[in-house]
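Everything on this sheet refers to the single structure shown next.
Numbering (the working numbering), first residue to last: 414 to 765.
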């Protein structure tokens, strides 16, 4: 078990014979794939490589405009900055922006393509979109020494495998070496690693060069027995252990990241005796809320205590309430009425 470093990854991935493609996959969502990808991008850039990030398909509530007016996921824009390159639509050719529980708006190469249901997308649209995604990858590969591909969720979602264009199909198309990331902070990292690899097809398994334990707290030596067993069972080396890093202040995309913000009771706890109370700002969590990371700068302000609110009763403790943007204005307006938020907002408005 070695410290996580660029030299280790470079040696294990055989960049010279793998056509300069390295793919970072995870055992689940929110294990740290995006951050690991960004970190590797900066390291390889520091070493003189021309590096670009790539995610063939991203599902995100939050997006960024590229200089030419296109739209991509925030993770790819952040990764581009880490790689010291300008964000471009090829880095995230297919962006899904959820609009309902079963539907999404599809952004293709930075522009609105169409609205689809989950069923239509997975059974029809992905096959139409994959050639565009692969062509975008090829354009990036032609202009860079190395492309860092990021997967989505887990590559072992066997129910989605047939029409999955973001994980192993993309790895094979790019002839990429693969790295598997597990989050040990949530527990179950070793079981997740073993289960993921066991569920992979032999051809998929052969692409992996090692695994990384992410978000570790404590004495690394305590991991040694588990890591040693994993290396034997998986027949893959542990390329390193990444420590848990709190308060990075970086944009996040998926719903898991939003769930971690839902903490008015903790955020608005009473300050120590004599301390000045921070300004309490509440953001109402709409069912179809978009771009929730827009409020992250407020969370970083020392004089502000930001909380995401799910219950009308929590609004009374706020000094300021924000209604965020939404992908479904009328549906969310009705939700505000049905859940009692509208009534509470009117009451607070009348109170002044």
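Don't be surprised by glycine CBs; every beta carbon is placed ideally from N, CA and C.
Out of 640, 647, 500, 617, state which residue places its alpha-carbon closest to the alpha-carbon of residue 480. 500
Taking DSSP's pairing of strands, which residues face residue 465 in a bridge? 560
I'd like the list of long-range same chain contacts for residue 748, defined as Cβ closer than 6 Å, with 5 residues on each side in sequence excluded. 700
Unbroken beta strand (DSSP E) run spanning residue 692, endpoints: 692-697
Excluding the five sequence neighbours on either side, which residues of its own chain have a C-beta within less than 6 Å of the C-beta of residue 492, listed in chain order? 450, 451, 454, 466
Rank 719, 536, 547 by C-alpha distance to the C-alpha of residue 502 and give the top, closest one. 547
To the nearest angstrom, report how far apart residue 732 and residue 761 are at their CA atoms. 10 Å
Would you call the segment 457-477 and the segment 575-588 touching, i.e. three or more CB-CB distances under 8 Å? yes
Leaving out five residues on either side along the sequence, give the residues of the same chain with a beta carbon under 7 Å from the beta carbon of residue 717. 691, 692, 694, 711
Am I right that residue 605 and residue 440 are in contact with their C-beta atoms under 8 Å? What's the rounded C-beta distance? 4 Å
Apart from the five residues just before and just after residue 478, which ones in its own chain have a Cβ nearer than 7 Å to its Cβ? 484
Closest residue to residue 544 among 444, 556, 638, 587 (Cα-Cα distance): 587
How about residue 720 and residue 714: do their beta carbons lie closer than 9 Å? no
Strand pairing of residue 436, partner residues [DSSP]: 562, 591
May I ask you to list the residues that DSSP assigns as paired with residue 596? 627
With DSSP as the reference, label residue 758 as helix, strand or coil. helix
With DSSP as the reference, label residue 484 as helix, strand or coil. strand
My understanding is that residue 446 touches residue 640, with C-beta atoms under 8 Å, so please give their C-beta distance in whole angstroms. Incorrect: roughly 20 Å between the Cβ atoms, too far for contact.
Taking its Cβ as the centre, do 16 or more other Cβ atoms sit within 10 Å of residue 751, making it buried, or is it exposed? exposed
C-alpha distance - residue 515 paired with residue 759, whole-angstrom precision: 32 Å
Residue 448 in three-state terms, based on DSSP: helix
Count the other CB atoms, across all protein chains shown, that sit within 10 Å of the CB of residue 601; report buried if there are 16 or more and exposed otherwise. exposed
One question on the structure: do residue 521 and residue 473 come within less than 9 Å of each other, judged by their Cβ atoms? no
By the three-class DSSP mapping on this structure, what secondary structure does residue 726 have? helix
Proximal residues to residue 436 (C-beta, below 6 Å), its chain only, five neighbours per side dropped: 562, 584, 589, 591
Looking at residue 510: is its Cβ nearer than 9 Å to the Cβ of residue 740? yes
Whose C-beta lies closer than 8 Å to the C-beta of residue 625 among residues of the same chain, with five residues either side of it excluded? 417, 449, 592, 593, 594, 595, 651, 652, 653, 654, 655
Check for me: the alpha helix (DSSP H) holding residue 605 runs from which residue to which? 602-612
Cβ shell of residue 724 (< 6 Å), same chain only, five flanking positions each side left out: none
Out of 734, 745, 612, point me to the one whose CA is closest to residue 765's CA. 734
Hey, residue 643 and residue 613 are a contact pair by Cβ (cut 8 Å); roughly how many whole angstroms apart? Contact doesn't hold; Cβ gap of about 15 Å is too wide.
What is the DSSP secondary structure of residue 763, reduced to helix, strand or coil? helix
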